[in-house]
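Residue numbers (our numbering): 23 to 544. C-beta atoms are modelled at their ideal positions from N, C-alpha and C, and glycine is treated no differently.
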């Protein structure tokens with residue numbers, strides 16, 4: 023049996039959790055998520071289909087097993103719950119995000135029983151030894167037993183089915199009641215505090231639905247209202263008929279059968295115009311005024327125009343049908359590849375000093391003609407920051423702009439860009455006096471990658487990179503999809519190309535024949 027397991031999240035961070043044979047996998051998940059600082063309700067294991075309600079012994083995990091931690095589905099699954107109590111069994115379907123307390127409240131409402139089921143408002147009279155007359159009403163607490171696990175405290179009854187590891191199928195819950203040893207009014211106050219957020223308050227209801235279950239000494243009775251309780255001289259459990267009786271649980275609304283079905287997503291507001299309608303207007307305005315800034319331009323902290331793009335919520339690539347012909351090389355591909363091999367096999371003369379100087383001067387003249395460069399910074403959360411820099415601005419100014427829009431500007435980071443000096447890989451852009459165009463060779467549009475340094479705080483890596491005041495001002499990054507060219511037009515272009523090459527090919531063949539000396543003079 024395993025004495026520990028290793029949980030690995032999406033960023034390759036590891037958390038070692040010590041286990042025992044009787045420890046449940048749901049407890050392992052909660053402990054690992056606590057160590058990694060993530061929400062256990064939104065994550066699950068992905069190595070193989072694991073039932074989180076099982077123990078380590080039943081799951082048969084090997085020593086030091088590695089479990090991948092991934093994002094769980096946000097849609098609750100349906101669990102068929104059977105409740106066994108007092109020799110009776112009741113069944114109902116619940117979403118996995120329902121708590122044990124909500125399940126009991128739902129059974130009280132959906133089960134058509136006479137008298138009405140009462141699981142959460144029970145009280146039992148307690149008589150002191152050798153005394154007679156009025157006694158004290160103690161709250162009777164429901165205790166739920168699920169597969170050798172017992173939940174008999176208010177904090178434990180707040181756990182949902184998903185937190186217990188039940189994401190589907192059927193489960194059997196056995197319930198009994200125990201004397202909490204506390205007066206009813208104290209227990210009801212705790213219930214209102216614990217479950218206020220679970221069951222929101224509803225409009226006032228009639229008190230007829232909260233009838234008390236009368237019984238003799240030692241029998242379970244419904245809990246009376248602590249505010250409208252009977253005077254001390256009355257018999258315990260007997261309400262005052264001259265005052266209107268109300269239930270202490272009116273602030274806790276029972277769940278209904280409609281709550282067991284996950285609510286559908288609300289459609290978008292009708293008055294909000296879609297983003298596709300605003301695009302033509304912006305494009306038309308930009309075409310009318312060439313000097314105008316692009317749509318979605320913001321004024322940065324240093325009064326510099328910039329644009330922020332967030333990734334698309336859809337997957338455009340998945341909408342394109344797979345075409346096997348796109349991956350089959352054509353004759354033109356073969357010819358160009360063969361020509362490249364022949365060119366690479368020829369000996370080349372090294373350039374002289376004068377030629378090298380001329381090339382360097384041509385490159386310098388080309389960079390001197392560049393007036394501005396557009397730099398797009400790609401952040402770790404797939405957000406893009408785009409701004410324009412003049413030819414005299416330096417790398418320090420680019421670093422200052424990026425740092426001014428971060429959520430954690432005090433954390434170290436680095437900017438990586440494609441090496442423009444002829445080397446391979448990515449070069450690091452230092453925050454120094456080097457000019458972006460003349461010294462670093464930036465021209466046109468340049469993509470720079472933002473990466474956190476190893477010394478950056480874990481909090482900065484988990485949270486969104488952009489500050490909240492800039493995060494909400496971005497626009498969706500739209501990719502222009504290429505228009506598919508009809509097969510007929512493609513074939514016509516190939517035919518025209520071959521016709522143009524035909525005379526040249528004939529002349530070249532004749533020259534090669536003459537050059538080989540087939541027609542020699544006698």
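Judged by beta-carbon spacing, residue 465 lies beyond the 7 Å limit of residue 353, meaning their Cβ atoms are not closer than that value. Burial is judged here by how many other beta carbons sit within 10 angstroms of a residue's own beta carbon; residue 177 has fewer than 16 and is exposed. A straight-line Cα-Cα distance of about 34 Å links residue 331 and residue 119.
Bounds of the alpha helix (DSSP H) holding residue 418 are 417-426. Nearest to residue 429 by alpha-carbon distance, out of 440, 147 and 401, is 401. By the beta-carbon neighbour count (other beta carbons within 10 angstroms, threshold 16), residue 378 is exposed. As the crow flies, the alpha-carbon of residue 412 is around 9 Å from that of residue 457. If you compare the alpha carbons of 438, 454, 77 and 113 with that of residue 416, the shortest gap goes to 454. Residue environment analysis places residue 75 among the buried positions, since at least 16 neighbouring C-beta atoms fall within 10 angstroms of its C-beta.
Listed in chain order, the non-local C-beta contacts of residue 191 below 8 Å within the same chain comprise 101 and 102, local neighbours out to five positions each way being set aside. Residues 62 of the same chain have their beta carbon placed closer than 7 Å to that of residue 52, with the five preceding and five following residues left out of the count. If you compare the alpha carbons of 496, 383 and 403 with that of residue 487, the shortest gap goes to 403. Its chain contains 26, 27, 29, 50, 53 and 54 as the residues whose beta carbon lies nearer than 7 Å to that of residue 39, once the 5 sequence neighbours on both sides are disregarded; these appear in chain order. Linking residue 67 to residue 385 through their CA atoms gives a straight-line distance of about 55 Å. Following the DSSP letters along the chain, one finds residue 50 inside the alpha helix (DSSP H) bounded by residues 47-58. Taking all protein chains in view, the Cβ of residue 145 is crowded by 16 or more other Cβ atoms within 10 Å, so the residue is classified as buried. Residue pairing by DSSP places residue 201 opposite 162 in a beta bridge.
Residue 394 sits close to residue 410, with the two beta carbons spaced by under 7 Å. Under a 10 Å Cβ-count criterion, residue 447 is classified as exposed, with fewer than 16 other Cβ atoms of the shown protein chains found around its own Cβ. A direct Cα-to-Cα measurement between residue 85 and residue 189 gives close to 26 Å. For residue 79, the enclosing alpha helix (DSSP H) begins and ends at 78-81. When secondary structure is reduced to three states using DSSP, residue 483 falls in the helix class. Assigned with DSSP and collapsed to three states, residue 325 falls in coil, not helix or strand. Unbroken alpha helix (DSSP H) stretches of 4 residues or longer found wholly inside the stretch 361-442: 375-390 and 417-426, given in chain order. One alpha carbon belongs to residue 129, the other to residue 81, and they sit about 32 Å apart. By the Cβ neighbour-count rule, residue 368 is exposed, with fewer than 16 other Cβ atoms within 10 Å of its own. Taking 7 Å as the cut-off, the Cβ atoms of residue 397 and residue 350 do not count as close. Nearest C-alpha to residue 477 among 432, 452 and 451: 432. Residue 115 is bridged by DSSP to 102.
The distance from the Cβ of residue 197 to that of residue 105 is about 6 Å, consistent with a contact at the 8 Å cut-off. Across the set 450, 435 and 406, the C-alpha of 406 shows the shortest separation from the C-alpha of residue 500. Per DSSP, the unbroken alpha helix (DSSP H) holding residue 132 starts and ends at 122-132. For residue 147, the enclosing beta strand (DSSP E) stretches over residues 144-148.
Sorting 124, 434 and 113 by C-alpha distance to the C-alpha of residue 180 places 124 at the top. For residue 345, DSSP assigns no beta-bridge partner whatsoever. Linking residue 108 to residue 132 through their CA atoms gives a straight-line distance of about 18 Å.
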